[in-house]
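Q: Each protein sequence line maps, in turn, to chains A and B.
My numbering puts the first residue of the first sequence at 327, with every later residue one more than the last.
My numbering puts the first residue of the second sequence at 11, with every later residue one more than the last.
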Amino acid sequence: MRTYLRRIVRANEFYLLLVIVALAVVIQARSGQFFTANNIVDIANAMVVPGIFAVGAFMVLVSGGIDVSFPALASLAVYATTRILVDAQWGGGIWLPFLLAIAIGGVLGAFNGLFASRFAVPVLIITLGTASVFSGIMQGVLGSVQIPNIPPAMSEFGRASLFVAKNPESGLTSNMPVSFLLLIAVVAGAFVLLRYTTFGRGIYALGGEESAASRAGFNVRRIKFWLYVIVGAVASIAGLVRTSMMDQMHPTNLLGLELMVIAAVVLGGTAITGGTGTLTGAMLGTLLIVIVQNSMILVGVPTFWQGFALGVLIIVGTGISAVQLTRRARSRSAALI
Amino acid sequence: MVNNVIAVRGVSKAFAGVQALDDVSLEIAPGEIHCLAGENGSGKSTLIKVISGVHSPDAGTVELGGEVFGRLSPMDAISHGVQVIYQDFSVFPNLSVMENLALTAELAQRRRFVNWRRMREVAAEAIAKINVNIDLDAKVGSLSVAQKQLVAIARALMSDAKLIIMDEPTTALTKREVTALFRIILDLKSRGIATLFVSHKLEEVFEISEKFTIIRNGKHVITCLPEDLDHKKFSFYMTGREFEGTRFSPELDATDPILEVSGLSAHGAFTDVGLSLRPGEILGITGLLGSGRTELALALFGALKVDAGEIRIDGKPVVLSGVRSAIAHGIGYVPEDRLTEGLFLERSIGSNIVIAEIDSFVSAGVLDQRRADVEAQRWIDELRIATPDADNAVSTLSGGNQQRIVLAKWLATNPRVLILNGPTVGVDIGSKHDIHRVLRDLAATGLAVIIISDDIPEVIQNCNRVLVMNAGRIVSELDPDRTSEADLAALMSEDVKPRQEES
């Protein structure tokens, strides 16, 4: 029991949780608004899209790569989906948009996977390239414009709420979106995949030591390929959720989100060098960033300070893991003397 | 009845026209401890890859358990009980011991889902087989080198191994860890599991090996019993060169010591060290890993703060406040791990040589590249560094040549005292000999040299005095002419209370 406790206290996630709690208490003290039903629901609502993206970014980081193409990939997949369905005047259920977006996202992810598994080029470079290609196709070939009227099934899905939270004092209400369940499902699915399948353990093994992974009998190429297919599909889910919730297809809305998501995952203790990290950490990191973004307004901090605060968070968060890395390297070299 | 686990018969293999193996044969009986020796590039790794099914031979056969293979696949090799433990152990530093052990089995059974309880059982069983105690939940990255090796051995044994191939297994281990490893290997032997060591050092596995096979330039040289080998023969078989085993005797004029140290202490590293060094001498400092030998070297180079004591150069007390002040006082240091500490691997050979004296090629703030190039070329010629072009990256050179670059880099600062920490670690015999020759030549020109090494033959042959360190103190000063290797080894590993327990 005590070793269990010690393990918890030593875990990165524990400190992240402390930071989040401290931040919440400060915001509560300054505004009295943090621990209100509607604020909690607002934060949950804002978690959905970055949270789903974070799952994908997390898996790639664990495998030892950095994917920066997922917002462009999601935009293209969802734009194509919306365009097709709008042109076809689709009036049916939400299942088809999801199926289409996931399929297109998977195919686009397969491109990343093909390059990542065949060529010894850093994934960052590959995905920088594919990101440009994806947004190029969307803006050039498909001639992307804002699509104001998305298929009715998507609008309905975007408006659907599990429950409505009301702040008794201010009278403000917030909807808990159905898509929050989707976030939970994606996280749960990723958890099972990463922990209980040989494929998932292969992702960790790959991030730890690629040559050892192939010697142990993992099919490294196949794991990489399917990893990017899955990540593409996951990213498209997030993209479709965002479009549905905005009730319009805005082609460039997601672009630029990649850095914030990767930062959230790294803040959550995922090593940028691959191999280590937990989904819990990735979700806590996302939560922290979402809280910072959402709640600084509550405290009355001007919005332009958000970027500043985010930057500081990222530097401090990655700085801590960098310090840990160098300390570990130093203790290792000391052992060699 | 088959009386060998493996028989390699007349195997040849060429890569792009280069004959890596030429008609090599090797036979290992069950439970035999066999040593495959050869210099870097002799083809021993190619042979291992043929045995483990990674490369298929151009000619010849591999016989495993009586079954003859012309083309052997890795799966065939594994299913016939051949397991390779690579030098880097092929472990996952980010995963637990349990997963490192059990994942291979899960994969071998082609499972799609992992069961953590089953993995724990499998891992516990594997560790029990070699009778050691390792925390299954510990991350492998946090283990010591020896423990990582044990994990790799335990993993190799899981799949009903009959032959374990170990690539330079004792290079990074302390004496005690080597003893523990040998005990495990003898235990395997008693169960009929054969071991093949791959090595280029005689001392490394001499005491345990029952048979030696030596290859050179892809050709089989000799298979013999350990009784038939000594250092000289071993070196000859491996390199095809005769090395005269002459000992170093300095030409000492009655000069005053250049470097004197008295009462030097650094907390937790070494205590009350005194020594003196005259120009033209080669002083050996030896001791086990953790005896304080490296810390002492670093202190003499100004890279480690001392708490007490005095360092005198030419009789005048000096304070070495840092590396720069040590260089200014004419002290040079060639670090232990030449790859990570001493070189910019991706930069050119030339710029690596001149980097330590770069200031002297600068006039009016501008680097005189031509003069720097001339200087670099001078050292390349002087130290016989095998390169077609000084502009090539250092990483293109072999280990021995890299070591010479590190030497050149420090010699370029014209030091009067040169400290070398493990100058020939990981270097093959031929280059080792060349480095020793260079060091003797340097001493003859009046340079004072300190060799820090636990390579006993190295210090005995190349030093005119040897200081033995044990647990942070200098325990004796020896004359190598009157000291046997065994005596020196005994002094090094004499049981003095380990210093970790002092504080």
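For each residue, glycine too, the CB sits at the ideal point set by N, CA and C.
Model, not experiment: these values are computed from the prediction.
Would you say residue 339 of chain A lies against chain B (beta-carbon separation less than 7 Å)?
A: Indexing the first sequence from 1 puts residue 339 of chain A at position 13. The beta-carbon of residue 339 of chain A is placed no less than 7 Å from the nearest beta-carbon of chain B.
Q: Locate the alpha helix (DSSP H) running through residue 486 of chain B, then write down its first and last residues.
A: For the purposes of this step, residue 486 of chain B is taken as the residue at position 476 of the second sequence. DSSP places residue 486 of chain B in no alpha helix (DSSP H) but in the uninterrupted beta strand (DSSP E) bounded by 483 to 488.
Q: State the beta-bridge partners of residue 225 of chain B as determined by DSSP.
A: Translated into the one-based positions of the second sequence, residue 225 of chain B becomes position 215. For residue 225 of chain B, the pairing in a beta bridge is given by DSSP as B:230.
Q: With DSSP as the reference, identify every bridge partner of residue 473 of chain A, one or two as the case may be.
A: To locate residue 473 of chain A, count along the first sequence from 1; it is residue 147. A:575.
Q: Taking the alpha-carbon positions, what's the residue 349 of chain B to residue 405 of chain A distance?
A: Within the second sequence, the letter at position 339 stands for residue 349 of chain B. Within the first sequence, the letter at position 79 stands for residue 405 of chain A. In this prediction, residue 349 of chain B scores a pLDDT of 47, lower than 50, which makes its location untrustworthy; the coordinate-derived value is nonetheless stated afterwards. Approximately 51 Å, taken between the alpha carbons.
Q: With 7 Å as the threshold, decide whether the Cβ of residue 363 of chain A is near any Cβ in chain B.
A: Translated into positions along the first sequence, residue 363 of chain A becomes position 37. No - not a single Cβ of chain B is within 7 Å of the one on residue 363 of chain A.
Q: Would you please verify whether the beta carbon of residue 629 of chain A is less than 7 Å from any beta carbon of chain D?
A: Although the question refers to chain D, the structure presented lacks it and instead comprises the protein chains A and B.
Q: Mind listing the chain B neighbours of residue 524 of chain A? Cutoff is C-beta to C-beta under 9 Å, in chain order.
A: Against the first sequence, residue 524 of chain A aligns to sequence position 198. By Cβ distance, chain B contributes 113, 116, 117, 120, 121, 122, 123 and 124.
Q: Taking C-beta pairs closer than 8 Å, name the residues in chain A that residue 101 of chain B reaches, listed in chain order.
A: For the purposes of this step, residue 101 of chain B is identified with residue 91 of the second sequence, where counting begins at 1. Close to residue 101 of chain B, with beta-carbon spacing below 8 Å, are these residues of chain A in chain order: 535 and 538.
Q: Which residue or residues does DSSP assign as beta-bridge partners of residue 44 of chain B?
A: Here residue 44 of chain B is taken as the residue at index 34 of the second sequence, counted from 1. Paired residues: B:206 and B:221.
Q: Can you tell me whether residue 238 of chain B is helix, strand or coil according to DSSP?
A: Residue numbering aside, residue 238 of chain B sits at position 228 when the second sequence is read from its first letter. Note: residue 238 of chain B maps to helix in three-state DSSP.
Q: So with Cβ pairs under 7 Å, would you call residue 105 of chain B a contact of chain A?
A: As a working mapping, residue 105 of chain B is identified with position 95 in the second sequence. Output row for residue 105 of chain B: interface = yes.
Q: What does the alpha-carbon distance come out to for the pair residue 29 of chain B and residue 638 of chain A?
A: Numbered from 1 along the second sequence, position 19 holds the residue referred to as residue 29 of chain B. Numbered from 1 along the first sequence, position 312 holds the residue referred to as residue 638 of chain A. Spanning the alpha carbons of residue 29 of chain B and residue 638 of chain A requires a straight line of approximately 58 Å.
Q: Ends of the alpha helix (DSSP H) at residue 25 of chain B?
A: Sequence index remark: in the second sequence, residue 25 of chain B carries index 15 (1-based). Counting along the chain, residue 25 of chain B falls outside any alpha helix (DSSP H), though it belongs to the beta strand (DSSP E) covering 16 to 25.
Q: Tell me the start and end of each unbroken alpha helix (DSSP H) in the stretch 306 to 357 of chain B that is at least 4 residues and wholly inside, in chain order.
A: For the stretch 306 to 357 of chain B, whole alpha helix (DSSP H) runs of length 4 or above, ordered along the chain, are 333 to 338.
Q: Would you mind working out which of B:438, B:395, B:357 and B:153 sits nearest residue 402 of chain B, comparing C-alpha positions?
A: Locating residue 402 of chain B in the second sequence gives position 392, where the first residue counts as 1. Checked all of B:438, B:395, B:357 and B:153; the closest Cα to residue 402 of chain B is B:357.
Q: Need the endpoints of the beta strand (DSSP E) that residue 500 of chain A sits in, please.
A: Stepping through the first sequence from its first residue, residue 500 of chain A is reached at position 174. Run containing residue 500 of chain A: 499 to 503, per the beta strand (DSSP E) assignment.
Q: The beta strand (DSSP E) that contains residue 30 of chain B, what's its start and end?
A: Counting from 1 along the second sequence, the entry for residue 30 of chain B is found at position 20. Per DSSP, residue 30 of chain B belongs to the beta strand (DSSP E) from 28 to 38.
Q: Since I believe residue 438 of chain B is in contact with residue 210 of chain B (beta carbons under 8 Å), could you give me their beta-carbon distance rounded to a whole number of angstroms?
A: On the second sequence, residue 210 of chain B is found 200 positions in, with the first residue counted as 1. On the second sequence, residue 438 of chain B is found 428 positions in, with the first residue counted as 1. The Cβ separation is near 5 Å, so the contact holds.
Q: Against residue 109 of chain B, what residues of chain A qualify as contacts under a CB-to-CB distance less than 9 Å, listed in chain order?
A: As a working note, residue 109 of chain B is residue 99 in the second sequence. Listed along chain A, the residues sitting closer than 9 Å to residue 109 of chain B by beta-carbon distance are 527, 530 and 531.
Q: Residues in the same chain with beta-carbon distance under 7 Å from residue 561 of chain A, minus the five sequence neighbours each way, listed in chain order, please.
A: What you label residue 561 of chain A is simply residue 235 of the first sequence in a count that begins at 1. The residues are 379, 382, 396, 399, 400 and 431.
Q: For residue 93 of chain B, write down the residues that DSSP places opposite it in a beta bridge.
A: Position 83 of the second sequence holds residue 93 of chain B. Answer is B:174, bridged to residue 93 of chain B.
Q: What's the call for residue 442 of chain A, buried or exposed, on a 16-neighbour Cβ count within 10 Å?
A: Translated into positions along the first sequence, residue 442 of chain A becomes position 116. By the neighbour-count rule (16 or more Cβ atoms within 10 Å), residue 442 of chain A is buried.
Q: What are the boundary residues of the alpha helix (DSSP H) that includes residue 369 of chain A?
A: Position 43 of the first sequence holds residue 369 of chain A. 363 to 388 is the extent of the alpha helix (DSSP H) around residue 369 of chain A.
Q: Do residue 337 of chain B and residue 455 of chain B have their C-beta atoms closer together than 7 Å?
A: Reading the second sequence from its first residue, position 327 is the one you call residue 337 of chain B. Reading the second sequence from its first residue, position 445 is the one you call residue 455 of chain B. Not closer than 7 Å, so no.
Q: With distance defined between alpha-carbon atoms, name the residue in A:559, A:580, A:557 and A:558 nearest to residue 568 of chain A.
A: The count along the first sequence starts at 1 and reaches residue 568 of chain A at position 242. Residue A:580 holds the alpha-carbon nearest to the alpha-carbon of residue 568 of chain A among A:559, A:580, A:557 and A:558.
Q: Mind checking the stretch 583 to 598 of chain A against chain B and listing, in chain order, the residues whose C-beta falls within less than 7 Å of any C-beta there?
A: none
Q: What runs of the alpha helix (DSSP H), each 4 residues or longer, lie entirely inside the stretch 368 to 415 of chain B?
A: 379 to 392
Q: For my contact list, residue 531 of chain A and residue 105 of chain B are in at a C-beta cut-off of 8 Å; report their separation, rounded to the angstrom.
A: Here the question's residue 531 of chain A lines up with position 205 in the first sequence. Here the question's residue 105 of chain B lines up with position 95 in the second sequence. That pair is a contact at about 7 Å.
Q: At the 7 Å Cβ level, is residue 542 of chain A part of the contact set with chain B, yes or no?
A: As a working note, residue 542 of chain A is residue 216 in the first sequence. Among the residues facing chain B, residue 542 of chain A is included, as its CB has a counterpart in that chain under 7 Å away.
Q: Taking C-beta pairs closer than 8 Å, name the residues in chain B that residue 604 of chain A reaches, listed in chain order.
A: For the purposes of this step, residue 604 of chain A is taken as residue 278 along the first sequence, with counting starting at 1. In chain order: nothing, as chain B lies at least about 12 Å away.
Q: Does chain A have any CB closer than 7 Å to the CB of residue 349 of chain B?
A: Start at 1 with the first residue of the second sequence, and residue 349 of chain B comes out as number 339. Reliability fails at residue 349 of chain B, whose pLDDT of 47 lies under 50, so the model's placement of it is uncertain and the value that follows must be treated cautiously. Answer no: the Cβ-Cβ gap between residue 349 of chain B and chain A never drops below 7 Å.
Q: Cβ atoms of residue 305 of chain B and residue 272 of chain B: under 7 Å apart, would you say?
A: Against the second sequence, residue 272 of chain B aligns to sequence position 262. Against the second sequence, residue 305 of chain B aligns to sequence position 295. In this structure, residue 305 of chain B does not lie closer than 7 Å to residue 272 of chain B by Cβ.
Q: Please report the Cβ distance between residue 214 of chain B and residue 180 of chain B, rounded to the nearest whole angstrom; I am assuming they are in contact, meaning their Cβ atoms lie under 8 Å.
A: By 1-based counting over the second sequence, the position of residue 214 of chain B is 204. By 1-based counting over the second sequence, the position of residue 180 of chain B is 170. About 5 Å; that satisfies the 8 Å criterion.
Q: Beta carbon of residue 260 of chain B, beta carbon of residue 474 of chain B: below 7 Å?
A: Counting from 1 along the second sequence, the entry for residue 260 of chain B is found at position 250. Counting from 1 along the second sequence, the entry for residue 474 of chain B is found at position 464. Yes, the Cβ-Cβ distance between residue 260 of chain B and residue 474 of chain B is below 7 Å.
Q: Which first and last residues belong to the beta strand (DSSP E) in which residue 69 of chain B is found?
A: By 1-based counting over the second sequence, the position of residue 69 of chain B is 59. Here the beta strand (DSSP E) through residue 69 of chain B covers 69 to 74.
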